[in-house]
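Participant: In UniProt numbering, the protein residues as written are 1 to 300. All residues carry an ideal CB built from backbone N, CA and C; glycine is no exception. Computed from a predicted structure; not experimentally measured. Supplied in structure tokens, the structure appears directly below.
So, in structure tokens, the structure goes:
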């Protein structure tokens with residue numbers, strides 16, 4: 001679900017004559033892995049556009065980076081839209097989704113408003129065929145009026161990156177294959193629940209899948225453990241909300257922070273319960289938001 005909080009704003013300007021790309025992140029020069037990923041993405045855009053000019057990138061990200069709060073999803077979706085415009089690629093939404101995926105898989109979904117699904121590429125074909133088959137698209141959701149209450153247990157960068165956690169889990173966890181099989185069934189079920197407007201079913205499926213993912217990572221060798229005592233306390237708070245008759249369901253990305261899906265009408269009550277359940281840094285209430293979009297064309 002694309003959210004209406006934590007936006008990223010990115011400007012890409014071509015710099016004819018410059019010898020290299022320059023990247024500023026929240027007003028400071030980007031360094032290390034962040035700079036490497038962004039400049040690699042710009043090289044890909046240049047290859048596809050047939051142009052050689054380097055670029056100046058300025059990005060402002062309001063979500064803590066590397067904390068399991070989808071900073072790379074919003075960041076690379078914004079970069080894909082801005083860079084495609086700057087280099088004149090002329091991509092439609094599906095093309096932008098494929099492009100954003102090359103920076104971060106999650107970014108493929110952030111091109112779209114509200115709920116979206118990311119399709120895996122076709123195994124066994126050429127790299128070009130796999131690329132064409134791996135994109136996101138919107139998922140119809142009928143009369144849900146959902147909120148996502150975000151409990152920020154920790155805004156610190158993760159000790160193990162999402163990419164490293166994924167690689168280690170795929171390579172070493174004996175639970176990975178069963179979880180992948182069950183995820184395909186969960187995907188079909190959650191799509192049907194969204195189409196029916198059945199928020200409790202959506203929440204139940206999302207919660208069991210997220211907990212299964214964390215169990216799968218715990219079985220990796222060495223284990224990847226993002227769940228903290230505060231994370232578990234928040235999860236207990238969600239269970240208590242359900243005992244009290246509130247349809248609230250937890251989901252988690254690769255990080256310690258807990259997001260709780262609930263009806264918009266219950267969001268404030270859920271937020272208060274999460275604050276009481278554990279010493280969280282902050283609690284935010286979000287709804288479905290708009291996907292990445294071009295807000296000015298000064299970058300052309």
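1) Which residue marks the beginning of the beta strand (DSSP E) containing residue 159, and which one marks its end?
2) Roughly how many angstroms separate the alpha carbons of residue 112 and residue 220, rounded to a whole number?
3) Enumerated in chain order, which unbroken segments of the beta strand (DSSP E) with a length of 3 residues or greater are wholly contained in the stretch 72–148?
4) Spatial neighbours of residue 67 within its chain, please: CB distance less than 6 Å, with the 5 preceding and 5 following residues excluded, ordered by chain position.
5) Taking 6 Å as the limit between beta carbons, can you name the residues of its chain near residue 75, skipping five residues before and five after?
6) In whole angstroms, what separates the C-alpha of residue 150 from that of residue 238?
7) Tell me which residue opens and which closes the alpha helix (DSSP H) that residue 180 is part of.
8) Can you look up residue 209 in the DSSP assignment and give me helix, strand or coil?
9) State whether the stretch 278–285 contacts the stretch 185–199, with contact taken as three or more CB pairs (one from each stretch) at a distance under 8 Å.
10) In three-state DSSP terms, what is residue 11?
11) Compare the beta carbon distance of residue 230 and residue 263 with 8 Å and say whether it is the shorter of the two.
12) If you reduce the DSSP assignment to three classes, tell me which class residue 151 lands in.
13) What is the rounded straight-line gap between the Cα of residue 240 and the Cα of residue 71?
14) Quick one, are the C-beta atoms of residue 242 and residue 233 less than 8 Å apart?
15) Go ahead and label residue 294 buried or exposed: buried means 16 or more other beta carbons lie within 10 angstroms of its beta carbon, across all protein chains shown.
16) Quick one, which of 212, 136, 187 has its alpha-carbon nearest residue 201's?
17) What are the residues that DSSP puts in a beta bridge with residue 25?
18) Can you list, in chain order, the residues of its chain whose CB lies under 8 Å from that of residue 129, leaving out five sequence neighbours each side?
19) Pull up the CB-CB distance for residue 105 and residue 119, whole angstroms please, since I reckon it's below 8 Å.
20) Measure the C-alpha to C-alpha separation of residue 18 and residue 55 and round it to an integer number of angstroms.
Facilitator: If we stick to the structure as given:
1) Secondary structure note for residue 159: it is in no beta strand (DSSP E), with a DSSP letter that is neither H nor E.
2) Their backbone Cα atoms lie some 33 Å apart in a straight line.
3) Fully enclosed beta strand (DSSP E) runs of no fewer than 3 residues occupy 116–118, 136–138 of the stretch 72–148, in order along the chain.
4) For residue 67, the predicted structure reports a pLDDT of 49, less than 50, and the residue's modelled location is therefore unreliable. The matter cannot be settled from this model.
5) Contacts found: 8, 61.
6) One C-alpha to the other measures close to 12 Å.
7) Start and end: 176–196.
8) In the three-state reduction of the DSSP assignment, residue 209 falls in the helix class, which pools H, G and I.
9) The stretch 278–285 vs the stretch 185–199: no contact.
10) Strand at residue 11.
11) No, the pair does not count as a contact, with Cβ atoms beyond the cut-off.
12) Correct three-state label for residue 151: strand.
13) Rounded to the nearest angstrom, the two C-alpha atoms are 30 Å apart.
14) No, the Cβ-Cβ distance between residue 242 and residue 233 is not below 8 Å.
15) Around the beta-carbon of residue 294, fewer than 16 other beta-carbon atoms lie within 10 Å, marking it exposed.
16) Taking only the C-alpha atoms, the option nearest residue 201 is 187.
17) Residue pairing by DSSP places residue 25 opposite 28, 59 in a beta bridge.
18) Result list for residue 129: 121, 122, in chain order.
19) The beta-carbon separation of residue 105 and residue 119, rounded to 11 Å, does not stay under the 8 Å limit for a contact.
20) One C-alpha to the other measures close to 8 Å.
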